[in-house]
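Chemist: Chain order of the listed sequences is H and X. Positions 1 to 433 (the working numbering) are the ones given, in order, by the first sequence. Positions 1001 to 1307 (the working numbering) are the ones given, in order, by the second sequence. Backbone N, C-alpha and C fix where the C-beta goes; we use that ideal spot for every residue, glycine too. Fair warning: this is a prediction, and the values are worked out from it, not measured in the lab. Before anything else, here's the structure in question.
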Amino acid sequence: MKLLIKRGTLISPDQKKIFSADVLIADGKIAVLGNNLETDGAVIIDADGKLVLPGLIDLHAHLREPGFEDSETIAAGTMAAARGGFTSLACMPNTNPVADNSSVINYILNKARQEGRVNVFPIGAITVGSKGEELAEMAGLKEAGAVAFSDDGRCVSNAVIMFRAMQYARMIDMPVIAHCEDTSLSAQGSMHEGYYSTLLGLKGIPAAAEEVIIARDLILAKETGCRLHIAHVSTAGSVQLIRQAKAWGLKVTAEATPHHFTLTDREVTGYNTNTKVNPPLRTQEDLDAVRQGLRDGTIDVIATDHAPHAREKKEVEYENAPFGISGLETAVGLVWTELVNTGILSPLDAVEKMTINPARILGISKGVLAEGADADLTVIDPARTEKVDPARFVSKGRNTPFAGRTLTGIPVLTIVGGKIVFEYAGRVFSKTT
Amino acid sequence: MVQKKNLIGLEHIDAHEIELILDTAVAMKEIVSRPVRKVPTLRGRTITNLFYEPSTRTRTSFELAAKFLNADVINISSSASSVVKGESLKDTVRTIEAMGTDVVIIRHPMAGAANLLTGWIEASVVNAGDGAHEHPTQGLLDLFTVREKKGVLNGLKIVIVGDILHSRVARSDIWGFLKMGASVSVCGPATMMPVGVERTGAAVSCSIDEAIKDADVIIMLRIQLERQKAGLFPSLREYARLFGLNSERLSLAKRDALVMHPGPMNRGIEISGEVADSLQSVINEQVTNGVAVRMAVLYLLAGGGDA
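What follows is the structure, encoded as structure tokens:
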């Protein structure tokens, strides 16, 4: 099947340019980019007024399968990705069993091939069971198809284990994604330690819990030469540490999530468990620093940290609730509303942080809008406004702190391998010739 | 009437409402002092004490308050409840409400538990202490006791000493006394001082000698002995030396300063036996006033106004 996207505004972060062109897709590839393209037998998509981007890539999602299918499945999670405008995602290994061996990686890849709507790139565990004690068979994980290593959800607390993991990852040229949290400082904490944790009487997680491990891991990355990616940066001090490390020339990259550049710890007032995330929502000063880090390039990637949970798991006491929010279906709207429409990021920079940058970190041939590239594309309507309604989420996780918030800039079409996997409100603007 | 149907904390009620509760408690105290302590005000109402944390003192105080007003009282403790069978808090309270209850009094080890109930059930909710968040009736009985002894609250200097970080009593006292026009200082080891507490309007000090200078009221908090094992202070001896209230220290405060404690006390640690039993101590009166204040709260929330 051929698709012809006409009159769209194309954003190509790879070439760092924005231009008007038609896109002809055939056989799962971008066949031609050019003006006034005509072809027979193609589905014509009128993208007038819309932005046509290389398919968005989420470097940090939790698909919960295998093991926690009541919270999310590969089928539902990838459908949520498609609805959110993502054509590829990397999924974290904290499943049950943990993706610390090739059979779990194979399971995820097979399941994604059978039931997935978008490309799935599994991330393997750094250590067996993500327990932080002994290294997983990292080369085997790579051969099975893992694109990176992480014990996300947990920090590798033992410095020598992390040091060896980085040495080994360097040897096989794979990135390590670090969940930075000193658990002796964060223990039993359920929100940021600050004025609001004091008011609410909740045990706090200090900014230092994140920053001390980032500092450690940056030093280890310097020693080992490993490509280190810092997950979900949340504090001003973390941004400053990463900025300094980049100035030293370290191979370090970092990501921020939409909730960390949009919400502060003040949102926890009222004990809404949909505000419970790890790392926690921080202060306005931290939020401003994360935005500044995104603006000046210290933070390379916007990732969702999509962490869906079954409803009843969040309908409990704040301290008992699990960390995480369902993020795939609100990410683009938050990026556009909070960063692009406010002038913090140009559309080009925003798209870069959701396409080519995560693709380069993961070493995958995605995120490019060029002839011959995979026909993974996302179309955004920058003028469309929508109120977040979790009841309409296709993810199994409806746990969002953004319910009722009005977002501008909505994904309206998602194409993976030349096939339409999501179209806003059902075929509103395409027609077959 | 109080504007809200729940009492979750003193942070979100205003001075006028506090005043109303305290005034109502005056009448209730008169009932408690009668030879027959029973009025029919809440006859036919059911009040549930849902205690997820052991507390003889607070639970008995609420139970007596309800019984003096002739309400039916159900006591549920965590050891006997379905919690041990794995039922969620939401399912537990919905079951309780389905059986018919007008007020749920909840004590829970986790902050925010009382808040949660307000979104789940129609019955009034009274927070009897949730984690380190608030313990509003303790705050109210402290206000009542001070007002009874001093005649006023406005302009007094209140000092709260001890483990401020983990104390729900401290938070309720801070809000309550500040709203009523008193000044509040908190004092304790730096390791037990919550971040940003000064933004409430309370002054912060790590020196008890400085803090209690010219104080009108000193509220000593119970020190949990297991905090030492958690590394929050080096030894009980050192804690007692730096933050314990003894007669010598007490002389730094005003001569007629009141000494209070929410109990139970660790004599010889946060408070010397001599001070606890001194004429300036109103610790036992706090207990009596607790019943009166809880009667006032139940009366105002459970629709006692139309009795």
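1) Would you identify the three-state DSSP class for F68 (chain H), choosing helix, strand or coil?
2) Considering Cα atoms alone, identify which of X:K1254, X:H1166, X:G1201, X:E1270 is closest to I1212 (chain X).
3) Could you please give the first and the last residue of the uninterrupted beta strand (DSSP E) stretch that includes I1218 (chain X)?
4) DSSP on L310 (chain H), reduced to helix/strand/coil?
5) Contact criterion: CB-CB distance below 8 Å. Does V316 (chain H) meet it with respect to chain X?
6) Residues of the stretch 230 to 253 of chain H in Cβ contact with chain X at a cutoff of 8 Å, in chain order, please.
7) Quick one: using the 10 Å Cβ neighbour count with 16 as the cut-off for buried, is N1049 (chain X) buried or exposed?
8) Could you pull the start and end residues of the beta strand (DSSP E) that T9 (chain H) belongs to?
9) If you compare alpha carbons, which of H:L369, H:V118, H:V176, H:N399 is closest to H259 (chain H)?
10) Would you kindly work out how many angstroms separate the C-alpha atoms of G1244 (chain X) and K1157 (chain X), rounded to a whole number?
11) Could you check where the alpha helix (DSSP H) with S184 (chain H) kicks off and where it finishes?
12) Closer than 8 Å by beta-carbon distance: list the chain H residues that pair up with L1110 (chain X), in chain order.
13) Which residues in chain B sit within 8 Å of R1107 (chain X), going by Cβ to Cβ distance?
14) Using 8 Å as the threshold, is the C-beta distance between R117 (chain H) and A90 (chain H) below it?
15) Beta carbon of K251 (chain H), beta carbon of R227 (chain H): below 8 Å?
16) Just to confirm, are V379 (chain H) and L51 (chain H) a CB contact at a threshold of 8 Å?
17) Compute the Euclidean distance between the alpha carbons of T433 (chain H) and G418 (chain H), then round it to the nearest angstrom.
18) Under a three-way DSSP split, which group does H1166 (chain X) fall into?
19) According to DSSP, simplified to helix, strand and coil, what is I1008 (chain X)?
20) Using C-beta distances below 6 Å, list every residue in its chain close to L1178 (chain X), excluding the 5 sequence neighbours before and after it, in chain order.
21) M1193 (chain X) and L1153 (chain X): beta carbons closer than 8 Å?
22) Could one say the Cβ of E267 (chain H) lies closer than 8 Å to chain X's Cβ atoms, at least one of them?
23) Please classify V1093 (chain X): does DSSP put it in a helix, a strand, or coil?
24) Helix, strand or coil for L369 (chain H)? Go by DSSP, reduced to three states.
25) For the beta strand (DSSP E) containing R384 (chain H), list its first residue and its last residue.
26) Under a CB-based cut-off of 8 Å, is T198 (chain H) close to chain X?
27) Counting C-beta neighbours from all protein chains within 10 Å, is the total for E1087 (chain X) 16 or more, i.e. buried, or is it exposed?
28) Nearest to A1230 (chain X) by alpha carbon, out of X:A1203, X:H1135, X:D1163, X:V1204?
29) Could you give the DSSP three-state label for L135 (chain H): helix, strand or coil?
30) Helix, strand or coil for D1023 (chain X) per DSSP?
31) Do you know how far the Cα of L241 (chain H) is from the Cα of E211 (chain H)?
32) Within 8 Å (strictly less), CB to CB, does Y271 (chain H) reach chain X?
33) Just to confirm the assignment: which complete beta strand (DSSP E) runs, minimum length 3, are found wholly within the stretch 1014 to 1078 of chain X?
34) Here's the rule: buried if 16 or more other CB atoms are within 10 angstroms of the residue's CB, otherwise exposed. What is G409 (chain H)?
35) From which residue to which residue does the alpha helix (DSSP H) around P54 (chain H) run?
36) Going by beta-carbon coordinates alone, are M1180 (chain X) and A1302 (chain X) separated by less than 8 Å?
Modeler: In short, the structure shows the following:
1) coil
2) X:K1254
3) 1217 to 1220
4) Rather than Leu, the amino acid found at residue 310 (chain H) in this sequence is Ala. Reduced to three states, the DSSP call for A310 (chain H) is coil.
5) yes
6) none
7) buried
8) 2 to 12
9) H:N399
10) 19 Å
11) 183 to 186
12) As written in the sequence, residue 1110 (chain X) is Met, which differs from the Leu given in the question. Those are E317, Y318, E319, N320, listed as they occur along chain H.
13) This model lacks chain B altogether, as its protein chains are H and X.
14) no
15) yes
16) yes
17) Its pLDDT being 43, under 50, T433 (chain H) is placed unreliably by the model, and the measurement read from it follows with that caveat. Cα to Cα, the separation comes out at about 17 Å.
18) coil
19) coil
20) V1184, G1201
21) no
22) no
23) helix
24) coil
25) 377 to 387
26) yes
27) exposed
28) X:D1163
29) strand
30) helix
31) 8 Å
32) yes
33) 1046 to 1051, 1072 to 1077
34) buried
35) Where P54 (chain H) is concerned, there is no enclosing alpha helix (DSSP H), although the beta strand (DSSP E) it sits in stretches over 51 to 54.
36) no
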